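Quick notes on the structure that follows.
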Amino acid sequence: MPYLSQAERDYITEGVHSDLRADGRGRLDYRALVLETGIISQANGSARVRLGGGTDVLVGVKVEIDQVEPDAADIGKVVCNVECSPSASQQFEGHGADDLNNELTQALQRVLGGPQCGINFEKLCIIKGQQCWIVYIDAMILDYSGNVMDAIFIATKAALFNTRIPKTQIQDMGDGEFEFEVLDDVEDAERLEGVENVPVGVTLNKVWTVMTGSTKLNKEHATPLEELCTEAKLLIAVNKDGKVCGIQKGADGSIEPGLMSEMIQTAKRVGQSLIRQLDQSLHNEEAQVEEKRRNGEHVEKLGFFAVV
Amino acid sequence: MELQILSPEAPSKIVKSKNEDAMDVDGGDVQLVMPGETITSDLQFMRGHGTYLDNESTVISSVAGVVERVNKLVSVRALKARYTGEIGDIVVGRITEVAPKRWKVDVNGRQDAILMLSSISLPGGIQRRKNEEDELQMRKFFAEGDMVAAEVQAFFVDGAIGLHTRGHQFSKLRNGSLVTVPSVLVQRCKSHFHLLPCGVHLVLGLNGYLWVSKPVPGNPESTDEADIERTYSNKNDLIEDSERESIARVCNCIKALAKKFMHINDTIIIYTYEASLKYSVKDLLQKEIVEAITSEASQKLTME
Chain A
1 MPYLSQAERD YITEGVHSDL RADGRGRLDY RALVLETGII SQANGSARVR LGGGTDVLVG
61 VKVEIDQVEP DAADIGKVVC NVECSPSASQ QFEGHGADDL NNELTQALQR VLGGPQCGIN
121 FEKLCIIKGQ QCWIVYIDAM ILDYSGNVMD AIFIATKAAL FNTRIPKTQI QDMGDGEFEF
181 EVLDDVEDAE RLEGVENVPV GVTLNKVWTV MTGSTKLNKE HATPLEELCT EAKLLIAVNK
241 DGKVCGIQKG ADGSIEPGLM SEMIQTAKRV GQSLIRQLDQ SLHNEEAQVE EKRRNGEHVE
301 KLGFFAVV
Chain B
1 MELQILSPEA PSKIVKSKNE DAMDVDGGDV QLVMPGETIT SDLQFMRGHG TYLDNESTVI
61 SSVAGVVERV NKLVSVRALK ARYTGEIGDI VVGRITEVAP KRWKVDVNGR QDAILMLSSI
121 SLPGGIQRRK NEEDELQMRK FFAEGDMVAA EVQAFFVDGA IGLHTRGHQF SKLRNGSLVT
181 VPSVLVQRCK SHFHLLPCGV HLVLGLNGYL WVSKPVPGNP ESTDEADIER TYSNKNDLIE
241 DSERESIARV CNCIKALAKK FMHINDTIII YTYEASLKYS VKDLLQKEIV EAITSEASQK
301 LTME
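Sequence lines, in order, name chains A and B. Each residue of the first sequence is one higher than the one before, starting from 1 at the first, in full-length UniProt numbering. Each residue of the second sequence is one higher than the one before, starting from 1 at the first, in full-length UniProt numbering.
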């Protein structure tokens, strides 16, 4: 567990109080993020998000055919997994990241595993009662400097936007027997239905100020040092219509009901604006790639060769 | 709320000199090497730190860094290495452990540095011997997590750095925030404690930890009981919003310099600070503005 001195803690909390944080940002300011999609050719969709030159998250989406669950015969499903690379931070060495892996995996699975995820699960079913697509979302945290949850959600949304599922052709064999064939043509692959409704997560941290006794304060895109000062944090998943798709509280402290509803309102506002800007950037990137393809140019993804 | 979503940037092409085998380090040109790169296949050279021998003759770099040569000894100084101290260095560290009669201090080195109880200035007289009472209340001086400015005094047999904090300028650090940069960037200079013209106090730790803060009031050289008390205080003074902004600005300027991998000293920080005044503090995190202020500062430095 990294340490923080009392003086630093006070300096950071007072900074939040006066809306001027240690790096000059206001309470609700995000750090700049760098986004690239489609960097893993073996995956059906992928994205890498870096936040403020520190936090680095890579998300890959892989779709596979599997038997349907007996109690949900006409839908496919989404399976999430998050893993922290031991090289990301000193505290992740050995089994240090196990708890965090679990927490992040659970949070992501809870939001994306159900109907609030936005993706049309019925479309993922290939033959009713028999086979369906399973969407595996794997997130890897390559570097850690605060606010990984938001970064994971942004990267996941971008990776799902980038995902293409191969088309299938169903043949009626008679006697209620069906068989299907997966079409290999890349051009035929289609986007997941309802991917625009996938929510993003907004993490708000409650920071207690010593000076005033009790102040309700929240901020986001916390740096690691700031996360050490956090008394309680709330992850709120919001979709593009401003609907809340999931809430999870973290850290040890408590949140008053009044503050809670204020946090949710803030998250709705921030989340919607985040999705709007993210969608725009994703569409721009895709349009650029398509234009290059049309002109017969080679589309080169930078991936891990990028400098910034 | 505005969010900046950027696209990744391609690395700029590095033009390498052709004559890789001909080693000419004396020529003044800095030779940068990558891990696994051949430095020389000349038999007359001996391998030093950061290199290894391949099939008995070729010297190959094991780190990314600058090639250095002393007579026949070839070594590579890594660009991002852990801090190896030298006696007399001023460092900034964080207490990680309170042990019998000593503190362990994180100074970004290969192992934690050691600060002995006998190497700090104790309250009540400068040259007092430590007693059992002091030993029992060590956390009153430094507790886990505290930041401290110290000087490298000696090395222990296992290579651990021994620190001391005797003297008026060394104390527990408060009133500000920590900035970390690669330790190679911080240059050795006459003084590592600076009061910048913008009213911000700066401790340039040679280990790459820099402390940016509001100056502590009072006469630091007085041996008053109250002043000694203040040396170990955990409480911040009242910091005005304008002072907080200056501190944040200096922090961001240092981060900008580190991002461009430029040497850091008080002069270049002041120049960068002056160049940054055109922009708001949080804009200093943007890439173009980092570029603008650091190039303006380095131009100003070369003009002198």
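For glycine and all other residues, C-beta sits at the position ideal for the given N, C-alpha and C. Note that this is a predicted model, so its numbers are computed, not measured.
Through-space distance from B:Ala-258 to B:Val-290, alpha-carbon basis: Distance from the CA of B:Val-290 to the CA of B:Ala-258, rounded to the nearest whole angstrom, comes to 10 Å.
Counterpart residues of A:Tyr-136 in DSSP-defined beta bridges: A:Lys-62 and A:Val-79, per the DSSP bridge assignment.
Chain A contacts made by the region 268-294 of chain B, where a contact means CB separation under 9 Å: So the close ones are Ser-280, Val-281, Lys-282, Asp-283, Leu-284, Leu-285, Gln-286 and Lys-287.
B:Thr-84 in three-state terms, based on DSSP: It is coil, neither helix nor strand.
Anticipated Cβ contact below 8 Å, B:Phe-45 with B:Val-74, distance rounded: Between B:Phe-45 and B:Val-74 the beta-carbon gap is near 5 Å, inside 8 Å, which marks them as a contact.
Cβ pair A:Thr-55, A:Cys-229 closer than 7 Å: A distance of 7 Å or more separates the beta carbons of A:Thr-55 and A:Cys-229.
Short CB-CB distance (under 7 Å) between A:Asp-56 and chain B: With 7 Å as the cut-off, A:Asp-56 does not count as an interface residue toward chain B.
DSSP three-state assignment for B:Val-59, whether helix, strand or coil: Here B:Val-59 sits in strand by DSSP.
CB of A:Ser-87 within 7 Å of CB of A:Tyr-144, strictly: The answer is no: Cβ separation not under 7 Å.
Given B:Lys-80 as reference, the closest of B:Cys-251, B:Ile-90, B:Ile-87 and B:Val-66 once Cα atoms are compared: The residue among B:Cys-251, B:Ile-90, B:Ile-87 and B:Val-66 with its C-alpha nearest the C-alpha of B:Lys-80 is B:Val-66.
For B:Ile-268, the first and last residue of its enclosing beta strand (DSSP E): Here B:Ile-268 belongs to no beta strand (DSSP E); instead the alpha helix (DSSP H) covers 266-276.
The region 103-117 of chain A / the region 69-82 of chain A touching (three or more Cβ pairs under 8 Å): Three or more Cβ pairs closer than 8 Å define a contact, and the region 103-117 of chain A meets that threshold against the region 69-82 of chain A.
Reduced DSSP secondary structure (H/G/I, E/B, other) of B:Gly-65: Three-state DSSP puts B:Gly-65 in a strand.
Start-to-end residues for the alpha helix (DSSP H) that takes in A:Gln-288: Residues 257-294.
Closer than 7 Å to chain A by CB, B:Glu-243: At a cut-off of 7 Å between beta carbons, B:Glu-243 makes no contact with chain A.
Buried/exposed call for B:Cys-189, threshold 16 Cβ in 10 Å: By the 10 Å Cβ count, B:Cys-189 comes out exposed.
Where B:Thr-294 sits in the DSSP three-state scheme: Helix at B:Thr-294.
Any chain B beta carbon closer than 7 Å to A:Glu-36: Answer yes: the Cβ-Cβ gap between A:Glu-36 and chain B drops below 7 Å somewhere.
Beta carbon proximity, B:Pro-35 to chain A, threshold 7 Å: Residue-level contact check: B:Pro-35 does not touch chain A, since none of the beta carbons of chain A fall below 7 Å from its beta carbon.
Under the three-state DSSP convention, the category A:His-17 falls into: If DSSP states are grouped into helix, strand and coil, A:His-17 belongs with the helices.
Residues sharing a beta bridge with B:Arg-166, DSSP: Answer is none; B:Arg-166 lacks a bridge partner.
C-beta atoms of B:Val-91 and B:Gly-205 nearer than 7 Å: The Cβ atoms of B:Val-91 and B:Gly-205 sit closer than 7 Å to each other.
B:Cys-251: contacting residues in chain A (beta-carbon distance under 9 Å): What B:Cys-251 touches in chain A: Ala-22, Asp-23 and Gly-24.
Spatial distance of B:Tyr-273 from A:Glu-8 (CA atoms): One Cα belongs to B:Tyr-273, the other to A:Glu-8, and the distance between them is close to 23 Å.
Local conformation of A:Asn-101 per DSSP, three classes: Three-state result, A:Asn-101: helix.
Identity of the residue in A:Leu-225, A:Gly-52, A:Met-263 and A:Asp-188 nearest B:Lys-282 by Cα: With distances taken between Cα atoms, B:Lys-282 lies closest to A:Gly-52.
Cβ pair count under 8 Å reaching 3, the region 239-249 of chain A against the region 186-199 of chain A: Yes, the region 239-249 of chain A touches the region 186-199 of chain A.
Per-residue DSSP class, three states only, for A:Glu-93: Three-state result, A:Glu-93: coil.
Euclidean distance between Cα positions of B:Gly-85 and B:Val-105: A straight line joining the alpha-carbon of B:Gly-85 with that of B:Val-105 spans about 13 Å.
Cβ of B:Glu-174 within 7 Å of any chain A Cβ: Reading off the sequence, residue 174 of chain B comes out as Arg, not Glu. By this cut-off, B:Arg-174 is an interface position.
Residues of the UniProt domain "S1 motif" (86-166) of chain B with Cβ closer than 7 Å to any Cβ of chain A, in chain order: Correct list: Arg-94, Thr-96, Glu-144, Gly-145, Asp-146 and Met-147.
Contact under 7 Å by Cβ, B:Tyr-279 with B:Ala-297: For B:Tyr-279 and B:Ala-297, no; Cβs fall outside 7 Å.
The region 135-142 of chain B touching the region 198-214 of chain B, judged by at least three CB pairs closer than 8 Å: These segments do not touch.
Among A:Arg-21, A:Tyr-30 and A:Gly-38, nearest to A:Glu-300 - alpha-carbon criterion: Of the residues A:Arg-21, A:Tyr-30 and A:Gly-38, the one whose Cα lies closest to the Cα of A:Glu-300 is A:Gly-38.
Within chain B, the residues that A:Ser-281 reaches when beta carbons sit closer than 7 Å: Those within 7 Å of A:Ser-281 in chain B are Ile-5.
Meets three-Cβ-pair contact criterion under 8 Å: the region 169-176 of chain A and the region 145-152 of chain A: Flag = no, the region 169-176 of chain A and the region 145-152 of chain A do not touch.
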